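Each residue of the sequence shown is one higher than the last, beginning at 627 in our numbering.
C-beta atoms are modelled at their ideal positions from N, C-alpha and C, and glycine is treated no differently.
Note that the structure is a prediction, hence the values are computed from the model and not measured.
Data first, discussion second: the structure below is written as structure tokens.
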Amino acid sequence: MAACKSSELLARNYTGVPGLFDVLPDGSVIRSDILSPSIAANSSSFTRDVLVDRGTGLQVRIFLPAAHSACKASTLSIIVYFHGGGFCMWTADTLYVHNFCAKLARAAHALVVSVSYRLAPEHRLPAAYEDGARVLQWLAGHKDSSHSFKLDEPLDPWIVSLADFSQCFLMGEGAGANVIHHVMLGRREKSLPVHGLILVHPLFGGEERTPSEVELEKTDMAAPIDMLDEFWKYCLPLGADRNHHFSNPFGDEVAKSLSDAEFPRALLVVAGRSSLQDRQFEYFNLLKSLNKDVLLLFLKNAAHGFEYMEGQVDQAKILLQFTVQFMAEKTSKVS
627 MAACKSSELL
637 ARNYTGVPGL
647 FDVLPDGSVI
657 RSDILSPSIA
667 ANSSSFTRDV
677 LVDRGTGLQV
687 RIFLPAAHSA
697 CKASTLSIIV
707 YFHGGGFCMW
717 TADTLYVHNF
727 CAKLARAAHA
737 LVVSVSYRLA
747 PEHRLPAAYE
757 DGARVLQWLA
767 GHKDSSHSFK
777 LDEPLDPWIV
787 SLADFSQCFL
797 MGEGAGANVI
807 HHVMLGRREK
817 SLPVHGLILV
827 HPLFGGEERT
837 PSEVELEKTD
847 MAAPIDMLDE
857 FWKYCLPLGA
867 DRNHHFSNPF
877 GDEVAKSLSD
887 AEFPRALLVV
897 AGRSSLQDRQ
907 FEYFNLLKSL
917 NKDVLLLFLK
927 NAAHGFEYME
937 GQVDQAKILL
947 QFTVQFMAEK
957 TSKVS
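Below is the structure:
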């Protein structure tokens, strides 16, 4: 249960999304169960939770592939992972997110830093974007002890001894991919080079329905469009609609900012059973039109959030295979 800054407002105006999270009469919010970090010997990854910012409570969960014990002298690529959940649900210690990150660390043989960014409705956007930028600053502080960003806590030993700071990737699902988009747009501090982006069906919206949103409205059970409308209501700034640039990246002003931004190469993943696919194809075309280095992976049989679903294991395996391949490709373009 998490207390709200504006609990009276929440209690008076919102009740939550049934089955996903609830706003109680006192304004507090109840979300799903969590999974504690583990160093169990039979796990595919060792994990630890680390405090990044004492003021906001920002935490990350770090995943170290268990197989790395056989080659301790080598360093590991970094994958900074931003979970999905419509900006309102889940954290790094949610079971689905934890299990996927453990698989990701093992498949990519990488150090996965999974971010528990602040959630709406207690913390509306841009809180999640600010947390994403703060984590990159935090990592940069490990890379260079003279970095201007002051760490709240001692340096993390896994990151200090095992991280290859020349191979840092950002990966996000749904809302998490939206976070990456906005972190890259607003990025000014570049002490930590970003080698690539893996954007898994980024969550974008708008007031006008797209053809795929209309066509798949009744069949997209993973992310029904009316549920997403509720999420936007909870997470956008008060008074904003879905055409706000946090939701809709296709306005002229955003396109100009995107054109000026230094994006590293990107892998954009689109799920064929998601009603949001039209917006994701439009985003791919926008990036291409701005001469960004972006690859498209279309998974026809994948649903929104497929990497978290037991029934979509085959689709998740394809994602992991393409992620590993993408990370292995050599490029001189970083941001």
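Cα atoms of D648 and L818: separation of roughly 38 Å, rounded to the nearest angstrom.
Rounded to whole angstroms, R905 and N911 show a C-alpha spacing of 10 Å.
The alpha-carbon of A954 is positioned some 15 Å away from that of F791.
Going by C-alpha positions, Y909 is about 28 Å away from K729. E799: member of the beta strand (DSSP E) spanning 789-799, first to last residue. Between S961 and M810, the beta carbon gap of about 7 Å places them in contact (Cβ cut-off 8 Å). Taking T682 as reference, the option from H724, Y743, H930 with the minimal CA-CA separation is Y743.
Put simply, the backbone Cα of G767 is about 30 Å away from that of L913. Among the bridge pairs identified by DSSP, P691 is matched with S671.
One Cα belongs to E879, the other to P663, and the distance between them is close to 42 Å. Distance check between R687 and each of V739, I704, M853 places V739 closest, using alpha-carbon atoms only. Looking only at N917, I705, H821, T673, the smallest Cα-Cα distance to A692 is reached by T673.
Annotated three-state conformation of D679 is strand, per DSSP. Assigned with DSSP and collapsed to three states, S703 falls in strand.
Residue pairing by DSSP places G822 opposite F795 in a beta bridge. Here F907 carries a helix assignment [DSSP, helix/strand/coil].
Spanning the alpha carbons of I944 and V706 requires a straight line of approximately 20 Å. By the neighbour-count criterion, in which a residue is buried when 16 or more other Cβ atoms sit within 10 angstroms of its Cβ, N804 is buried. In the three-state reduction of the DSSP assignment, F924 falls in the strand class.
For the pair A733 and L894, the CB atoms are not nearer than the 9 Å cut-off.
Here the alpha carbons of R868 and N874 stand approximately 7 Å from one another. Distance from L765 to I704 at the Cβ level is roughly 7 Å; contact confirmed, criterion being Cβ atoms closer than 8 Å.
For the pair P850 and E841, the CB atoms are not nearer than the 9 Å cut-off.
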